[in-house]
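Engineer: Quick one: the structure is below, and I'll ask about it shortly.
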Amino acid sequence: MRAGVLANERVIQFLNENFINTWVSNFELGRKPSVREYLAKRYAHESKSFDTTHPLAQAIKSGWHERSPVDCFVISPDFELKGKLALNKYLYSGHDWDGSRTRAENYRLFLIEALEGKYPGFSADNSFAYLLGEEENIPEQESPFRPFLTGLEVVLNPMQPMLEVLDVIRTLEVGYQESTIVTIDATAFEKGGILTIDIRVGSAELAGSFYFYDSDIEFPTERGQRYDTSIANATDVPPNGTAQITYPFYRGQVFKLAIASSELMEKKEHVNAFQARISVAES
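Numbering (the working numbering), first residue to last: 918 to 1200.
Here you go:
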């Protein structure tokens, strides 16, 4: 949800004044049994792993919503869950279709009511009581939600050769912009290296395509051109799927990674999460 409302200065100011804000990957928390088995093997020979017994992890897991790729939680310093929003249900439940509040204003109201102890997402005594219903029908009308194109920048250097990005994939129906752009700055590697992007897509029914470009190219709107103009790509990565992009470069430079939804028809979910681990091995 945050990726769609942070263009609003009031929301940014309110978050900075009242919260410590972060993303947490559902995958690393072992949301599904199959994932937990994979994680056990992955960390079997490593000294570090994600502590899913920590009270913060337990609070997050207690608020998970079935089939939701992105959940928003407000958690107190003593790890009490004060509010929760399942992104897809929030966006498409029909709340405030008359336009009396913008999506950014709704999100800010969710944060305020969580701080006031009204437990949005849990209790009916707040502005988000509609989230408690089990109705799954999506209104057949144009969404007023217009997410901005996310501007993410990853700066890598020999001291920090790996970083992770966690964000969302959206279909075009959700708004005017359907793509997320990640700028990858590898100029510190003067002699080049091998850039690797390990990709994982969330569990919602929306696949993602990942296109890797030189920094000076504009992201094409036509699907075929996206493929043809990319210097590397991983297309149609399915829900819960993984992929890898590897690209050798011979001087320090800047790249762009564009993430867009795949052309899947008749899918209910219009948003999914993705995780990209971006690293450079020096030549």
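Quick reminder that beta carbons are idealized off the backbone N, C-alpha and C, glycines included.
Is the CB-CB distance between V1197 and D1102 below 8 Å?
Structural biologist: Locating residue 1197 in the sequence shown gives position 280, where the first residue counts as 1. Locating residue 1102 in the sequence shown gives position 185, where the first residue counts as 1. Taking 8 Å as the Cβ cut-off, V1197 and D1102 do not qualify as a contacting pair.
Engineer: In whole angstroms, what separates the C-alpha of P994 from that of L1112?
Structural biologist: As a working note, residue 994 is residue 77 in the sequence shown. As a working note, residue 1112 is residue 195 in the sequence shown. P994 and L1112 have their alpha carbons spaced roughly 38 Å apart.
Engineer: Quick one: grab the DSSP three-state call for P972.
Structural biologist: By 1-based counting over the sequence shown, the position of residue 972 is 55. Looking at P972 - three-state DSSP - the assignment turns out to be helix.
Engineer: In this structure, does DSSP put K1035 in helix, strand or coil?
Structural biologist: Here residue 1035 corresponds to residue number 118 of the sequence shown, with the count starting at 1. Reduced to three states, the DSSP call for K1035 is coil.
Engineer: Under three-state DSSP, which class holds T1104?
Structural biologist: Here residue 1104 refers to the residue found at position 187 when the sequence shown is read from its first residue. Coil, per DSSP.
Engineer: Can you check DSSP and say which residues form a bridge with I1162?
Structural biologist: As a position in the sequence shown, residue 1162 is number 245, starting the count at 1. Paired residues: I1114.
Engineer: Less than 8 Å between the CB atoms is what I'm expecting for V1204 and L1069, so what's the real figure, rounded?
Structural biologist: What the structure shows of the chain is the stretch from 918 to 1200, and residue 1204 is not part of that stretch, so it cannot be assessed.
Engineer: Decide if Q975 is buried, meaning its Cβ has at least 16 other Cβ atoms within 10 Å, or exposed.
Structural biologist: To locate residue 975, count along the sequence shown from 1; it is residue 58. Counting Cβ neighbours within 10 Å, Q975 comes out exposed, since fewer than 16 surround it.
Engineer: Taking 8 Å as the cut-off, decide whether the C-beta atoms of P972 and F990 are in contact.
Structural biologist: Numbered from its first residue, the sequence shown carries residue 972 at position 55. Numbered from its first residue, the sequence shown carries residue 990 at position 73. Taking 8 Å as the Cβ cut-off, P972 and F990 do not qualify as a contacting pair.
Engineer: Taking Cβ positions, are V928 and A1021 nearer each other than 8 Å?
Structural biologist: Reading the sequence shown from its first residue, position 11 is the one you call residue 928. Reading the sequence shown from its first residue, position 104 is the one you call residue 1021. Yes; because the gap between Cβ atoms is below 8 Å, this pair is in contact.
Engineer: How is L1026 classed by DSSP in three states: helix, strand or coil?
Structural biologist: As a working mapping, residue 1026 is identified with position 109 in the sequence shown. Three-state result, L1026: helix.
Engineer: Taking just the CA atoms, how far does E1033 sit from F1166?
Structural biologist: Sequence index remark: in the sequence shown, residue 1166 carries index 249 (1-based). Sequence index remark: in the sequence shown, residue 1033 carries index 116 (1-based). Each residue's Cα considered, the two are about 52 Å apart.
Engineer: Check each candidate in F936, W940, V1071 and A1003 and name the one with the smallest Cα separation from I1195.
Structural biologist: Your numbering for residue 1195 matches position 278 in the sequence shown. Out of F936, W940, V1071 and A1003, V1071 has the C-alpha closest to the C-alpha of I1195.
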